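To convert, take the position in the sequence shown, counting from 1, and add 4; that gives the working numbering. Note that beta-carbon positions come from the ideal geometry of N, C-alpha and C, so glycine has one too. The model shown is predicted, which means the values in this text are computed figures rather than measured ones.
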Amino acid sequence: MGGRTIPHLTYTNLYLGGRDAWVPDEVRQIDQSLLAAMTDPGLTNVMRQYFKNAPITTQFAPSRVLDGTPPATFGQKDVEDLVLKLHRDSQLARFHLNLGSTLVNLVLPRGSVLTLDEDASDIRRVLPRATEHEEASSLYGLGGYHGSVHPRPGVTVYYAVSVYSERTAERENGIVAFDAPWKNVVATLYHELCEARTDPDVGDAIRLGDDPAAQRLLGWISDQGEEVGDFPVFEAGPDLSSVMREVPLVSGTGTVPVQIMYSNAHHGPAGPLAYLCDLQAPRVNVQVLAPPPPPERLVVPPDEFWEEAARQAEDPAPLEVPESGRTEPVAEASPSETNEGTNDVKSTLDALSHEEAKSMLATCEQTTPGESPQSEHGSGVTTQPMLIDPEGAGAQDIDPEVEPEVVSGPAVSGGLA
């Protein structure tokens, strides 16, 4: 629609409810699996089409368990008040957390109910053709959503929130698609991260409502108000297993639980691709406004990371306010930097080295769409079949025995926004 996108994304996971509310192994599983998904070349190849197949990068700032008691209910105002407080306390403006390209993920603990303001996702006020498809509580299908706040003029902080989705004898909270709650959290956050980087300012567009400027803030979104993660959920209907899958990593280190994203090149949801999608230019060519990633990796333990932030918060250095734009000042960096996390988590995944990634990228760029096998459905090409047939033939499974070719590569919908 002409709005900004975020090709070079940084994110951090903040776990609510205090240390007693979280099993350390679950936090580790969520952190490692989400980073693996966000940097996997096969999954990245699907998302690169929304950036004209230019390289996109993802960096992970160390996660933290926030002090406090588990909230019984956590609404959108609670979410935004907490994000504003974190910014006010200088927790987000340090350690190269460039707010203009950072997503703050808030993860609710077991039992907490997530709610959404009734009019917060009314994308119909922005897009006349948009349809109503929202859930206001995690007890009725809400899994998470993303949005933004403005601590002061010219500064935007992007956030996402995920419920701890699980099914108990008493109730189902959130969206349960996998055999372990932590996997549901990873799939939800993957959905939000992909949508936030392709349509970050949807919250501002909704707040503007009937203002003619509202639609120009939107990134990749359909006339019906569906972001890249929304369409697969609606197309899948009650059988979410067709789009929420454990997919193999190109690195060969295992699988990750994700929600499959929509592919414009294939006119439907598609699994990981071993080559870049061939996508026509968008209707509106706009300059990518997202800044490049920071030049230095942050290699510190999570506790040290946040302790230093607290010390600096007691005697903060004055923050330079840019005359224009939406971000905090940050050091320049080359946009060609590879996907690397900001701590040592990625190394535990045996992820691809910089040189390996460069080599695979060169192989990938030498592959033309005509050299790849054609999909039975849609107008694009795919080495792994689309999971949803746009003509109604139903879902297709990813064959876990077939190894992919190793080359580099809040409108609420179905409870995810």
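For a test of the three-state rule: what should DSSP assign to residue i, helix, strand or coil?
i    : result
H150 : strand
H12  : strand
S94  : coil
A58  : coil
P236 : helix
P113 : coil
R68  : strand
G275 : coil
L118 : strand
E170 : strand
S351 : With a pLDDT of 33 at S351, under the threshold of 50, the modelled position of this residue cannot be trusted, and the question is left open.
S141 : strand
A184 : coil
V262 : strand
P75  : coil
E196 : helix
N268 : coil
Near residue i, which residues of its chain fall below 6 angstroms by C-beta distance, leaving aside the five closest residues on each side in sequence?
i    : result
A218 : V130, A209 and L212
E196 : G148, H150 and A164
L96  : L90
R330 : For R330, the predicted model reports a pLDDT of 42, less than 50, meaning its position is unreliable and no value from the coordinates is stated.
L18  : R68, L70 and L110
Rounded to the nearest angstrom, what separates residue i and residue j at their Cα positions?
i    : j    : result
G148 : L13  : 19 angstroms
M51  : V161 : 22 angstroms
P273 : G207 : 24 angstroms
L280 : N49  : 5 angstroms
V236 : H271 : Correcting the residue identity first, residue 236 is Pro in this sequence and not Val. Cα-Cα distance, rounded: 11 angstroms.
V159 : M265 : 29 angstroms
T119 : A173 : 21 angstroms
G6   : L146 : 28 angstroms
N57  : Y144 : 37 angstroms
A25  : D243 : 31 angstroms
A140 : N102 : 31 angstroms
D214 : T257 : 48 angstroms
G104 : G241 : 34 angstroms
V69  : G22  : 6 angstroms
L277 : S226 : 23 angstroms
Y194 : D183 : 17 angstroms
V247 : P157 : 39 angstroms
G398 : S94  : Bear in mind that a pLDDT of 37 at G398, under 50, signals an unreliable position, so the model cannot answer this.
D203 : I60  : 15 angstroms
S245 : P216 : 39 angstroms
Taking the alpha-carbon of residue i as reference, which of the options has the nearest alpha-carbon?
i    : options                  : result
G223 : N102, V232 and E174      : V232
P185 : R171, P155, R175 and N57 : R171
A181 : G275, L47, P261 and P28  : P261
V111 : S94, L86, G104 and M5    : L86
T43  : N57, I10, N268 and F64   : F64
P252 : T202, S67, P45 and R8    : P45
D71  : P113, E30, L103 and G104 : P113
Y15  : V27, G21, F78 and T62    : T62
P155 : G178, R92 and N109       : R92
G2   : E250, T257 and G256      : A query on residue 2 cannot be resolved here, the shown segment of the chain reaching from 5 to 421 and no further.
R175 : F55, V117 and E30        : V117
I179 : D24, I225, D205 and Q263 : Q263
L107 : V153, A140 and R220      : V153
F78  : P157, D203 and D121      : D121
S67  : S245, L39, S94 and M248  : L39
Just to confirm my understanding: we take residue i, look at its own chain, exclude 5 residues before and 5 after, and list those with CB closer than 7 angstroms. What are they?
i    : result
G115 : P74
R201 : T9, I10 and L13
T259 : E250, V251, P252 and L253
E199 : H150, E231, V232 and G233
**Report entry** Three or more C-beta pairs below 8 angstroms linking the segment 184-191 and the segment 151-169
**Finding:** Yes, the segment 184-191 is in contact with the segment 151-169.
Query raised in the report: Are the segment 34-48 and the segment 82-98 touching, with three or more C-beta to C-beta distances below 8 angstroms?
Result: The segment 34-48 vs the segment 82-98: no contact.
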